[in-house]
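Asks: So that we are looking at the same thing, I have put the structure below in structure tokens.
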Amino acid sequence: MRAGFNVYLLLVTAILVSCQIREDVPTERPNIVFILADDLGAFDLSYANDTYYETPNIDRLAKEGVTFTNGYAAAQVCSPSRASIFTGKSTVSHGVTDWIGAETGESWGRKHPYTRILPPSYDLQLDSTETTLAEFFKANGYKTFFAGKWHLGSEGSWPEDHGFDINKGGWDYGNPRGGFFSPYINPNLTDGPPGENLSMRLARETVDFIRSSQEEPFFAFLSFYAVHGPIQTTERYWKRYRDKAIAAGLDSAGFEMERRLPIRTVQDNAIYAGLVQHMDDAVGIVLDELEKLGLDDNTIIVFTSDNGGVASGDAYSTTNAPLRGGKGYQWEGGIRVPFIIKTPGATPSSSNYPVSGQDFYPTLGDLAHLSVPENQNIEGISLKGVIEGNEVDERALFWHYPHYGNQGGDPASMVRRGDFKLIYYWENQQSELYDLSKDISEQYDLSQDQVEIARALKSELFDYLRQNRARVPDPSPFFTEEALAERRAYVVNELLPALEADRLNILQNNFQPNADWWGSATID
């Protein structure tokens, strides 16, 4: 009798414990689809009140999710920003402070005698000791998948080396080596039919993974090569946006000089607009499949970009107005990005709370009811409270980019706290201070009017850099005023007029970039 009672007691205890576990842990873990665009500006989307681009699928995400109007990339160029997404840390902490492949030190100085300082060294791959976002979810029973751009190290530091079960197209290169139409010249992505679109292909690979993994939780990371240069589209999309630009009336000039390079000031780049729409079409493939499979009600979807739009240098693709600058720049155009999180059950809304790419790691962990690894020393914060409409404490955001952007940006470090943003320049040790609530275009430097605020923010910035042993630049022995004057003369007298001519050429009725529109004439 006593033995029977003990068995009964054990059964009751087991049932109670089981019930307690089920109360604490959701019976069904959410799937996660993370969509990362490359070089997409904050206003290169129709939901952001732009009248030139057409992005109905990303607009759908914005209407159904939470949009962060003060959404930031962790850096103004790709590799450091991506490393922050995967580690939950700032660029100073993970050590990747420039795009992997950028020159530093004397190697930079010899080739660029018109720059005053030597950019410091940086880590050339994602550190293997980091517990990446993919490794975190994989350790918690998720199947993991990566498609598209990686640019966080060479072989041995590819997606499959950092927690992804499957890798479709991620490798050393930060741009689509073969362009946006097959053949791709990518060792981790087989070629499709001649003319197949790369963005569409990556979306289909993602959909194939989702179909095969729908019976268990999955973490799918769709990392578009779009809209990085070289900008390419089909003739059909070029004509659509060429006609829109003509109908709106062409500006007499499309560029003006920034501090180092010309910068685009108008939205009339028909090739780039077509490339944006190809990416939006691909997003639609993924969203439609989630709905078709009945997974959309249990899938968290993120959409963001790794840095601001390319307004200068590279492909001179877009303008980020009213934001100043673009990719590679220290101003808002370089770091302000689309930032959308769609969570099952959350009320669609918009938040102006300043957020960063390093916040995704703790946020997704929190939304999936998982505890992030303590040894990861994550600097980002969970945005679950913001998504739920709760008040969240003010905090400072930091950026450290002691390099020269290919796009004309300056070596600088920045801090934003509240409405104020301070930029410290490593070339001349001077600071600029802006009140972003009144001056989103960063035209009015308040550093001499708001001396106490500037001093406090600079102190906070330097304390952070010292605590994290930030690498800083040295003066360049190769710099000469003559080289700087020659560079300026070339940019103003040759480059700027050439850009204006190219802009108008793209909008001509008989424009054709090559013999066959990059081989895309038959397959869209």
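Residue numbers (my numbering): 800 to 1323.
Here a beta-carbon is modelled for each residue, glycine too, at the ideal position from N, C-alpha and C.
1. Give the C-beta separation of I1084 and R1003 to the nearest angstrom, bearing in mind that I take them to be a contact with Cβ-Cβ under 8 Å.
2. Could you tell me the alpha carbon to alpha carbon distance between G1126 and G1028, rounded to whole angstroms?
3. Three or more C-beta pairs under 8 Å: does that hold for the region 869-884 against the region 945-953?
4. What does DSSP give as the partner residue(s) for K1237 in the beta ladder?
5. What does the alpha-carbon distance come out to for the pair G1073 and Q1031?
6. What's the call for K942, buried or exposed, on a 16-neighbour Cβ count within 10 Å?
7. Go through its chain and collect everything with a Cβ distance to E1088's Cβ below 7 Å, but skip five positions before and after it.
8. My understanding is that G908 touches F1277, with C-beta atoms under 8 Å, so please give their C-beta distance in whole angstroms.
9. What are the start and end residues of each continuous beta strand (DSSP E) run of 3 or more residues lying completely inside the region 1083-1140, in chain order?
10. Closest to Q1157 by C-alpha separation, out of G887, G978 and I1222, would be which residue?
11. Quick one: what's got a C-beta closer than 6 Å to F833's C-beta in the same chain, skipping five residues either side?
12. Please state if the CB of L1264 and the CB of L1221 are separated by a distance shorter than 9 Å.
13. Counting C-beta neighbours from all protein chains within 10 Å, is the total for A1327 16 or more, i.e. buried, or is it exposed?
14. Between the C-alpha atoms of T931 and F885, what's the straight-line distance to the nearest angstrom?
15. Rank G973, E827, G1108 and I1139 by C-alpha distance to the C-alpha of N856 and give the top, closest one.
16. Between D926 and Q1175, what straight-line distance do the alpha-carbon atoms span, to the nearest angstrom?
17. Tell whether a beta-carbon distance below 9 Å holds between V1109 and T1103.
18. Which residue's Cα is closest to the Cα of V865: L1060, A1145, K1038 and L1086?
19. How is K948 classed by DSSP in three states: helix, strand or coil?
20. Determine the extent of the beta strand (DSSP E) in which I1222 is found, giving its start and end residues.
21. Determine contact between the region 960-970 and the region 1034-1044, defined as no fewer than three beta-carbon pairs at a distance below 8 Å.
22. Quick test of your reading: L1196 and S1155, contact by CB under 8 Å. State the CB separation rounded to the nearest angstrom.
23. Going by the CB atoms, is the gap between Y846 and D858 shorter than 9 Å?
24. Ends of the alpha helix (DSSP H) at V1250?
25. Give the DSSP bridge partners of M1078, in chain order.
26. Find the nearest neighbour of L1049 within the set R1254, E1251 and L1303, judged by alpha-carbon distance.
27. Determine the closest residue to D1360 out of E1226, G1217 and L860, with distance taken between C-alpha atoms.
28. Tell me which residue opens and which closes the beta strand (DSSP E) that F1159 is part of.
29. Going by Cα to Cα distance, which pick from A1288, Y1289, E934 and L988 is closest to G969?
30. Which residue wins for smallest C-alpha separation from T854, given the options D1273, H1077, N1267 and Q1228?
Replies: In short, the structure shows the following:
1. 7 Å
2. The sequence shown places Lys at residue 1126, rather than the Gly named in the question. Cα-Cα distance, rounded: 12 Å.
3. yes
4. None, per the DSSP bridge assignment.
5. 8 Å
6. buried
7. V1006 and I1009
8. 4 Å
9. 1098-1104
10. G887
11. F1020 and V1101
12. no
13. The structure shown does not extend to residue 1327, since the chain is modelled only from 800 to 1323, so the question has no answer here.
14. 5 Å
15. I1139
16. 12 Å
17. no
18. A1145
19. coil
20. F1219 to Y1224
21. no
22. 5 Å
23. yes
24. V1250 to Q1266
25. Per DSSP, none; premise fails for M1078.
26. L1303
27. The question about residue 1360 has no answer, for the chain in this structure spans 800 to 1323.
28. Looking at the DSSP string, F1159 is not in any beta strand (DSSP E); the run it does join, the alpha helix (DSSP H), is F1159 to L1166.
29. L988
30. H1077
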